[in-house]
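Participant: Protein chains in written order, with the numbering used here: chain A, 1 to 647; chain B, 1001 to 1481. We put the beta carbon where it would ideally sit given N, CA and C, even for glycine. Please see the structure below; I have some questions.
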C-alpha cells in the first residue's frame, strides 16, 4: 500500500498532462477521433485512480486522512528539496486529504463526462484536437491547484487554470467577442493571482515557509491583524477566480467559450477554486475574524446581486452564468462563516446540477444552430423531450426542491447560518433562494413553454449518445447527489471530518431545523409560482409590471452598469494615459533613450557593414578609452587610497 | 616523470593529448585523400571529444596541480572542460552540414576547432600568467582563422580581419598587464600575485587594470565589446555558436580563478568589473532592440549574458561559482540550441539569419519555431526554462555582494525587462501569420535536429528540476580552494 500511495497521486496529476502532450505531439498524424480518445481516456484514468485512492483514504481513521507526498521523496538525503533560495526551501509537495479528494473526484469525474460530451458537441470545430489538448491542460492545472501541498504549487495551478480558461474562452479565435472575453477574463484573473502572491509574501514573512503543514501548524504565532491581511489578500484571489463582487464581470462574457467549457470550467470546477482556497486556508480564517466576515459578506452580496441580474437576462448561457455566480456566492458565504463542510457539499451538488444545466442547454443550442436567445425559443418541451426533462431536473435541483441535490446542500448552508447566529446573512440567503427559483423557472417557461416555437429556423433534433449519456448520468447525480445527508446516512459528514474535524459535521435531517427548511422550501415554491403566474398564466400582468418598473429592469438587464463603470473608471484613464505617454513623453523620454541607443549602435553597425578601415580604428579607440578609465580607477582610486590592500 | 626539473603528470594532460591526437588525425586523413567524405573528418573530431571525455573520467577525485604548479586539474577545470567538449561536439555536428560553413576545407576547419578547444582546456586549468596567456592565444589564433572560413562571403573576411586586429590589441593589453604583474609580484603564479595583492604597488594596480581589460575583450564586456556584433554576424554560423559559448566559458574560467585565488570578498579591485558588467547588461539588451539579423541579435545578447554571468562573482562566494557554472551550462544548452535551429533551417546562405525570414515560421515549420521560442524564453528567463532558474541563482549572489551587487541586481532586472521585448518580438514574429514572406531555405537535416533536441531537453530539464543543480552544488562549491 505504501508504494501505491506514494505513486498514485503523481499519476493522477500527470496523466491528463501527458494526454495533452500526446495530443500535441501526435498532432495531425492521428485522426480527429484519436485526440478525443486520448483526452477522454487520460481523464477517465485519473478518475478511476482517484476513486481508488479516495476509498483507501476514507478507510483510514479521520485523524490519519491527511497524506503528504514530497518530491524529492523523504529518503532522498541530498538534495532533500526541489529548490533552495535561502532561507526558503521548496519541495514539490502534494497534500491528499478529504477536501482535496472531494475536488479531485469532481474534477476528474465531471471532467470526464464533459470530455465525453465534447466528442459530439465539438464535432464541427476546426480545431478539434486543440480543444482536447486545452481541456486536458485545464484538468491538469486544476488538479495541481487542489492537490498542491504548498501555496507555491497552488499558485502554479491557480495560474495554470487561468491560462486554460483564457485559451478556451477565446477558443473560437475567429470571433472578436470571444477574444475580447478571453482577454477580460485573463486580466481579472491576473489581479487575483497578484492577490495570492501578496498573501504568499506575507506568509513567507510571518512563517518562513509556504508549506500548508508549517503554515497551518504555526498559524497562531502571527497576530490577528497579520492573519486578517493574509486572509484579505487570499480573498482577492478567490474573488477574481470565483467571479464574486467586485471582480465578477468576466464570467458572463466567458460564456463566449464553447458550452462544454462553460460547463466544466465556468460552472463545475474552476470558478469554485475560490471556495476551495478559503476552505483550504481555514486555519487562517479561523483566526482572522475580520477577513472571514468580509468573505461571508462578499459571498452573500454576490449571491443576491447575481440573482437579481439573472432575472432580467435573455441569453440562456448568461442566465446560467449569473446563477453560477450566485450559487458560488452561497458557497463563499458558507466558508466565510466557517461552515466549511456545508460549502464543500454545495460545491459537489452544484457541480452536478450546473454541469447538467449547461450541457442540457448545450443540446438545445446545438440543435437550434447556435441560438442562445430565449426570446427566440419557446415550446421546445415537445420537440426536445430529453433536453427538457434533464434541464427540468437541473432547475429543480438548483432551486432547492426536495428531494433533489440542491435542496440538501442549500438547506445545510442556511441551517448553519442560523446555527452560527447570522440572521441577516440567512435572510438574504433565503430571499436569494426565492429569486433563484424565479429566474430559473422563468428560463424553463420561456424556453420550453410559453406557446409555440418563436425561432427563425426550424430546430433539428440530432441525438448523439456521447452527448446524451453524460447528461443522463448527471441528471441522476443531480437527483440523488444530496442523499448523502439523509437521516441515518450522514456519509458527507464522515467524508469531510478528516479535513475539517468537528466543522465537518453537517446539520443533518435528523436534527432538522424545521423553520429554516420551511422557509427555504416556501421560497423555492414561491419563486416557481411567481414565474409560472407571470409567464404562463398572466402574461399581460408581466407586461404591465415591465412597463411600470422599466428603469429597474434596465438597470438589471445591464447588470447594474458595473461594466460601464469599470470602463470609465479604469479602462478610459489607462488608455488615455497610455496614449498620452506615447504621444508626448515617449518619443523624447524613455522610448527616446532606448531608440537612441539602439539607433546609435545599429547606426554604428550599419556604418561598419561597408568595409571601412576608419571605423575599425574607432572600435580600437573605444577600447583604449575604456582601458584608460579602468587604469585611472586603479591608479587614482585604489592606489591613491593606498593603505587598502586589494585582497 | 620529469625532465629538466619539470614534473609532469601525464594522466592530467591526457584529455589534451587525446584532443591533439584527434586534431592531427583529422589533418592526416584529410591529407591522405581528397576523396574522404567530410562527414568522416567531423566524425573523427566528435570521436576525439568522446575520447577526451573518457580520459577525464579517471581523474575524478584526484585533484592536483602539475607542470610545477602551472596547470591545475580540479573540479573547477573539469566542469569547464566538460562544457567545452560539449560545445565542441555540437559545433562539429553543426559544421558538418554544409560546405559553406568550412569554405570547402573540412580538414583544416575541424582540426582548428579542436586546437582551439585545447586552448580552452589550457585556460580552464591555467594557474599561472604564462599558461593563461598561452591558452588565450591558442584559442584566439585558431578562432581568427575560423571566423574567416566562410570566405566567399565578404562579411566573413571582414569579421576575421576585425577580430584579428582588435584581438591583437587586447592581447597586447593582456601581455603587458601580465608583465607588470610579474614585475610587481616577482612571480607568475596566481599564488604569488595573491600575495602581492595584499599590499599592492603602483605597478601592480596598473598591471591588473590592463589584465582585466584584456580579459574583458575576450568576454565581450562593454566597452570592449564592439567587435562582437560584427564578428558574430560575419562568421560562419557554427563558429558564431562556438564563440558565444566556448570562448565565454574559457574566459570565465580564468576570471573566476583569478577572482577566487587573488581577491576576496569586498575587494575594491573588482569594482571596475562590476561596472563593466552593468554596462554590458544595459548595452547588450538595449542594442539588441533594433537588430534585424538574428546572428547579430544573438551577438548583442551574448554581451548581455556575459554581463549577467559576472554577477555570479558578486560576492566572490563559493556559491557564486556554482551559480556561474549552472548559468553557463543553461546558457550553453540554450544558445547552442538556438544556433542549431538556425543551422537546421538554413542552407548555408545568409538569408536564414535575417529576422524577416522568421516571420510566420510557425505556420511553415511548427517544431523548429516551437524550439526557437523555447530557447528565446530561456534567454529571457521565463519560468520552467533553465534561464529562469539561472537568473534566480545570479540574483541570489548579487544580493550577497554589497551595494555594487545591488546595483548589478538592478541592472540585471532592467536588462531582463528589456530583453523580454527583444526576444518576445522574435517569438511574436514567428507566431504571427505572415503574408508575402519570401520563400526561405528550409533544411531538414538530421544532425542539427539532434542538437536542437538536446538543447531543448537541457533547457527544460534544468528549468524544471533545479534540484539537479543542488545535487551537484557541494561538488561545485568545494571547487573553490
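On the three-pair Cβ rule with 8 angstroms, is the segment 240-253 of chain A touching the segment 302-322 of chain A?
Facilitator: Counting Cβ pairs under 8 angstroms, three or more are found: they touch.
Participant: Closest Cβ-Cβ distance between residue 608 of chain A and chain B: below 8 angstroms?
Facilitator: With a pLDDT of only 44 at residue 608 of chain A, under the threshold of 50, the placement of this residue in the model should not be trusted; the figure read from the coordinates follows. Judged by the 8 angstroms Cβ criterion, residue 608 of chain A is in contact with chain B.
Participant: Can you tell me whether residue 611 of chain A is buried or exposed, with buried defined as 16 or more other CB within 10 angstroms of its CB?
Facilitator: Confidence in residue 611 of chain A is poor, its pLDDT being 37 and thus under 50, which makes the residue's placement too unreliable to answer from.
Participant: Rounded to whole angstroms, what is the Cα-Cα separation between residue 1297 of chain B and residue 1237 of chain B?
Facilitator: Those two C-alpha atoms are separated by around 13 angstroms.
Participant: In chain order, what residues of the same chain have a beta carbon less than 8 angstroms from the beta carbon of residue 445 of chain A, not counting five sequence neighbours either side?
Facilitator: Excluding positions up to five away in sequence, the list reads 531, 532, 535 and 536.
Participant: Express the C-alpha separation of residue 1228 of chain B and residue 1303 of chain B in angstroms, rounding to a whole number.
Facilitator: The alpha-carbon atoms of residue 1303 of chain B and residue 1228 of chain B are separated by roughly 8 angstroms.
Participant: Helix, strand or coil for residue 609 of chain A per DSSP?
Facilitator: Note that residue 609 of chain A has pLDDT 46, beneath the 50 cutoff, so the model's placement of it is unreliable and the number below is only indicative. Residue state, collapsed to three classes: helix.
Participant: Find the residues of chain B that neighbour residue 85 of chain A, judging by a C-beta separation of less than 7 angstroms, and give them in chain order.
Facilitator: Here the neighbours are 1392 and 1396.
Participant: Give me the Cα-Cα distance between residue 1392 of chain B and residue 310 of chain A, rounded to the nearest whole angstrom.
Facilitator: C-alpha separation (whole angstroms): 48 angstroms.
Participant: Return no unless some Cβ of chain B is closer than 8 angstroms to the Cβ of residue 58 of chain A.
Facilitator: Answer no: the Cβ-Cβ gap between residue 58 of chain A and chain B never drops below 8 angstroms.
Participant: Report yes or no: is there a C-beta of chain E within less than 8 angstroms of the C-beta of residue 1211 of chain B?
Facilitator: As a matter of chain content, chain E is missing from the structure shown, whose protein chains are A and B.
Participant: Is residue 72 of chain A close to chain B, meaning its C-beta is less than 8 angstroms from at least one C-beta of that chain?
Facilitator: Chain B contact via Cβ: present.
Participant: Residues in the same chain with beta-carbon distance under 8 angstroms from residue 204 of chain A, minus the five sequence neighbours each way, listed in chain order, please.
Facilitator: Excluding positions up to five away in sequence, the list reads 88 and 210.
Participant: So which of A/568, A/123, A/441 and A/227 has the shortest CA-CA distance to residue 289 of chain A?
Facilitator: Checked all of A/568, A/123, A/441 and A/227; the closest Cα to residue 289 of chain A is A/227.
Participant: Along the chain, where does the beta strand (DSSP E) containing residue 1065 of chain B start, and where does it finish?
Facilitator: Counting along the chain, the beta strand (DSSP E) containing residue 1065 of chain B begins and ends at 1064-1066.
Participant: Pop quiz: residue 474 of chain A and residue 374 of chain A are said to be a contact at Cβ under 8 angstroms. What is the actual Cβ separation, rounded to whole angstroms?
Facilitator: So it is not a contact: roughly 22 angstroms between Cβ atoms.
Participant: Is it true that the CB of residue 482 of chain A sits closer than 8 angstroms to the CB of residue 401 of chain A?
Facilitator: No, the Cβ-Cβ distance between residue 401 of chain A and residue 482 of chain A is not below 8 angstroms.
Participant: Can you give the Cα-Cα distance for residue 1369 of chain B and residue 1128 of chain B, rounded to whole angstroms?
Facilitator: Distance between the alpha carbons of residue 1369 of chain B and residue 1128 of chain B: 45 angstroms.
Participant: Return yes when the Cβ of residue 359 of chain A is within less than 8 angstroms of the Cβ of residue 471 of chain A, no when it is not.
Facilitator: Yes, they are a contact pair.
Participant: For residue 242 of chain A, which of helix, strand or coil comes out of DSSP?
Facilitator: The answer is coil: DSSP assigns residue 242 of chain A none of H, G, I, E or B.
Participant: May I ask you to report which of helix, strand or coil DSSP gives residue 453 of chain A?
Facilitator: Three-state result, residue 453 of chain A: coil.
Participant: Taking 8 angstroms as the CB-CB cut-off, is residue 620 of chain A touching chain B?
Facilitator: Interface residue, yes.
Participant: Can you tell me whether residue 1002 of chain B is buried or exposed? The criterion is at least 16 other CB atoms within 10 Å of its CB, across all chains shown.
Facilitator: Confidence at residue 1002 of chain B is low in this model, with a pLDDT of 48, below 50, so its placement is unreliable and the value that follows should be read with caution. That one is exposed.
Participant: Could you compute how far the alpha carbon of residue 169 of chain A sits from the alpha carbon of residue 179 of chain A?
Facilitator: Roughly 7 angstroms between the two C-alpha positions.
Participant: 8 angstroms is my cut-off, CB to CB: does residue 626 of chain A come that close to chain B?
Facilitator: So, interface residue.
Participant: When you compare the CB of residue 1133 of chain B with every CB in chain A, is at least one pair closer than 8 angstroms?
Facilitator: Output row for residue 1133 of chain B: interface = no.
Participant: Would you list, in chain order, the members of the segment 1196-1208 of chain B that have their beta-carbon closer than 7 angstroms to a beta-carbon of chain A?
Facilitator: Cβ contacts with chain A: 1197, 1198, 1199, 1200, 1202, 1205, 1206 and 1208.
Participant: Which runs of the alpha helix (DSSP H), 4 residues or longer, sit entirely within the segment 1313-1377 of chain B?
Facilitator: For the segment 1313-1377 of chain B, whole alpha helix (DSSP H) runs of length 4 or above, ordered along the chain, are 1318-1345 and 1361-1364.
Participant: Is residue 95 of chain A helix, strand or coil by DSSP?
Facilitator: The answer is strand: DSSP assigns residue 95 of chain A an E or B state.
Participant: With a 10 Å radius around its C-beta and 16 neighbouring C-beta atoms as the bar for buried, classify residue 608 of chain A as buried or exposed.
Facilitator: Legend: pLDDT at residue 608 of chain A = 44, less than 50; position of this residue unreliable, no value from coordinates given.
Participant: Whose CA, out of B/1054, B/1068 and B/1072, lies closest to the CA of residue 1062 of chain B?
Facilitator: Nearest C-alpha to residue 1062 of chain B: B/1072.
Participant: Along the chain, where does the beta strand (DSSP E) containing residue 1073 of chain B start, and where does it finish?
Facilitator: Run containing residue 1073 of chain B: 1071-1073, per the beta strand (DSSP E) assignment.
Participant: Residue 1184 of chain B by DSSP, collapsed to three states: which one?
Facilitator: Residue 1184 of chain B falls in the helix class under three-state DSSP.
Participant: Give the single residue among A/365, A/379, A/356 and A/366 whose Cα lies nearest to the Cα of residue 392 of chain A.
Facilitator: Ranking A/365, A/379, A/356 and A/366 by Cα distance to residue 392 of chain A puts A/356 first.
Participant: Identify the continuous alpha helix (DSSP H) that holds residue 346 of chain A and give its terminal residues.
Facilitator: Looking at the DSSP string, the run of the alpha helix (DSSP H) that includes residue 346 of chain A is 340-367.
Participant: By the DSSP assignment, the alpha helix (DSSP H) with residue 80 of chain A in it spans what residues?
Facilitator: Counting along the chain, residue 80 of chain A falls outside any alpha helix (DSSP H), and DSSP gives it neither H nor E.
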